[in-house]
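Participant:
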Amino acid sequence: MRDPSTPNVGILLGTGFGLFTLVLACGLVTMQTTFITLLILSVVALAVVEYRAMLPLLLAVFFSAGADVPFQESAYAARWVMLAIAALLGLAAWSRSPYKLDFGVIHLLSLFTIVAALFSAIGAVNRQVALLKCISLFLLFLYLSTGARVPLQGREILTVRRLVLVFQIGVMVCGVLYVLDLPYWYNPNSLGALMGIFAWPVLLWGYLIATTGPERRRALFFLCVCGVLLILSRARAGMLAASIPSIVLLCSLRRIRIAAFACLGLGIFFLSFFLIAPENFHDYTEAVIYKPTETNHELSVLGSRRDPWQATIKTINEHPWFGTGLGTPDKVVEGIFTTGSYRETGNSYLTVLQGLGLLGVCPFILLVILLVHRIFRMCLWMRRTGNPAHCAIPLVGVMLAGLIHAGFEDWLLSVGSYLCLIFWVITFWALDLSDCLSQNAVVEPVPVQPNYHAVSAVAGT
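Residues 24 to 484 (my numbering) are what the sequence shown spells out, left to right.
As structure tokens, this is what we get:
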């Protein structure tokens, strides 16, 4: 239950937004630094009053930095300050939490990964950039190990149910923006990543736990919208990230009939597409399967990935032991702050290997192995019980989808990416929930009507 003495986050957010709009209308906000200062002061004040609002605010800033929205450049610079504030205030919130939030193997391996990144940064060509990347990685894992876990404790069922609601609203917003042809993403792969990694596993779980006809139809509608957006994005990695966890989840729960009907419906959809517009179908399949570009016309499934992978492997051979520094190039660059990326490697694991080297990558490999072990253990639990209602199931699905997608896109340890932030927050939540597979985190089979006015925070208000 929420403490009545705690101010409502929605009211605080609305008041802050109204004051900022008034200041903006009066012409007082005319410089980027002024906006960042106001944003940081507002966040600090709100986080002190209600720390549960820290996560949605942090996500909003990271989203603004990665999307084509107003104040995008300001958010790009402010996200690092926001992450530092979240980490420091999160440490204080973790220390005052009434729940027992101990550190485990995952946190130890995260620390070792940071230490490996530090050693790699010391010997990197771009030492300043590498050290800043290491600091940002430390702030991320500090926040994940402390403050990010606080909103989940004691309200696991409510948090995951509201997570479903947030993704339902997010899918509808993305659908409306897509229909209006608003260029809110710089790359269609971003839409495919959001739908495939995060929205699809969570919405699929929402459909599986639906108990009434209206609730099931509503969940199916959102799931279909998510699938349509995923298909329209033409993102192969996103489609693969959604498909494999779905198969694993349905087979583990012995819902073979649902999987069969889904495959049948997908087959009918593409068959109808082929019969109605064969030329468009040919262009679509060629664009999805082969990904031809202006510089690469080779009809190969991995043709668009081969050149970045080969270039990354060449760099690894040149710096085998401690790498080039996490998130830095192998050549000297001017300055330490940039708004662009150096080179897309097309694989998060190759990027980490390039940055940390063969010796430094060992803690990260153990970290990934631990995540795979937790996924396997959760699948065994689902197979044994056949119960889809545990709150860790959608989060574990996101873990599996993210690990698969990271094999084709570079974001897993790119701290400035909102994909990285969302994935690791959900991953640490999943690890906390899967530590104890008990009835405390099992959703009761009672239909819950979503409250669409209570989405001011992902973790609840």
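Just so it is clear, CB atoms sit at the ideal spot from N, CA and C, and this is done for glycine as well.
With a Cβ-Cβ cutoff of 7 Å, do Ala265 and Gly219 count as a contact?
Facilitator: yes
Participant: Just to confirm, is the Cβ distance from Ala147 to Gly348 under 7 Å?
Facilitator: yes
Participant: Return the first residue and the last residue of the alpha helix (DSSP H) that Met218 is part of.
Facilitator: Run containing Met218: none; DSSP gives neither H nor E here.
Participant: Rounding to the nearest angstrom, what Cα-Cα distance links Ile34 and Phe85 in this structure?
Facilitator: Annotation note: pLDDT 49 at Ile34 (below 50); position unreliable, coordinate value reported separately. Computed Cα separation, rounded: 22 Å.
Participant: Residues bridged to His305 by DSSP?
Facilitator: Note: His305 sits in no beta bridge, so no partner.
Participant: Quick test of the definition: if touching needs 3 or more C-beta pairs under 8 Å, does the region 127 to 137 touch the region 378 to 398?
Facilitator: Taking 8 Å as the limit for Cβ pairs, the verdict is that the region 378 to 398 does touch the region 127 to 137.
Participant: For the region 241 to 256 against the region 442 to 456, do three or more pairs of beta-carbon atoms, one drawn from each stretch, fall closer than 8 Å, so that the two count as touching?
Facilitator: no
Participant: Do Gly350 and Lys123 count as a contact pair if the criterion is CB distance below 7 Å?
Facilitator: no
Participant: Determine the direct distance from the alpha carbon of Ser371 to that of Leu436, and round the result to whole angstroms.
Facilitator: 7 Å
Participant: Judging by CA-CA distance, which residue of Gly430, Pro411, Gly378, Ile108 is the nearest neighbour of Leu149?
Facilitator: Reading off the sequence, residue 149 comes out as Asn, not Leu. Here the closest residue by C-alpha is Gly378.
Participant: Within the region 349 to 436, note down every full beta strand (DSSP E) run reaching 3 residues or more, in order along the chain.
Facilitator: none
Participant: Just to confirm my understanding: we take Arg239, look at its own chain, exclude 5 residues before and 5 after, and list those with CB closer than 8 Å. What are they?
Facilitator: Excluding five sequence positions before and after Arg239, the CB atoms of its chain that fall closer than 8 Å to its own CB belong to Tyr230, Ala233, given in chain order.
Participant: Would Leu131 and Met105 be called neighbours here (beta carbons separated by less than 7 Å)?
Facilitator: no
Participant: I need the boundaries of the alpha helix (DSSP H) containing Glu238, first residue and last residue.
Facilitator: 236 to 256
Participant: With DSSP as the reference, label Gly198 as helix, strand or coil.
Facilitator: helix
Participant: According to DSSP, simplified to helix, strand and coil, what is Pro268?
Facilitator: helix
Participant: For Trp452, which option in Ala83, Ala76, Ser168 has the closest C-alpha, if you only look at C-alpha atoms?
Facilitator: For Trp452, the closest alpha carbon among the candidates Ala83, Ala76, Ser168 is that of Ser168.
Participant: Quick check: what's the CA-CA separation for Leu426 versus Leu298?
Facilitator: 36 Å
Participant: Please classify Pro123: does DSSP put it in a helix, a strand, or coil?
Facilitator: For the sequence presented, residue 123 should be read as Lys rather than Pro. Lys123: coil per DSSP, three-state reduction.
Participant: Out of Pro93, Tyr99, Ala76, Phe304, point me to the one whose CA is closest to Tyr441's CA.
Facilitator: Tyr99
Participant: Could you pull out every residue in the same chain whose Cβ sits closer than 8 Å to the Cβ of Met54, ignoring the five residues on either side in sequence?
Facilitator: For Met54, the pLDDT reaches just 48, beneath the cut-off of 50, and the residue's location in the model is therefore unreliable, although a value from the coordinates is still provided. Nothing listed; no residue qualifies.
Participant: Leaving out five residues before and five after Tyr74 in sequence, what residues of the same chain have Cβ atoms less than 6 Å from its Cβ?
Facilitator: Ala116
Participant: Taking 7 Å as the threshold (C-beta atoms), are Met405 and Val419 in contact?
Facilitator: No, the Cβ-Cβ distance between Val419 and Met405 is not below 7 Å.
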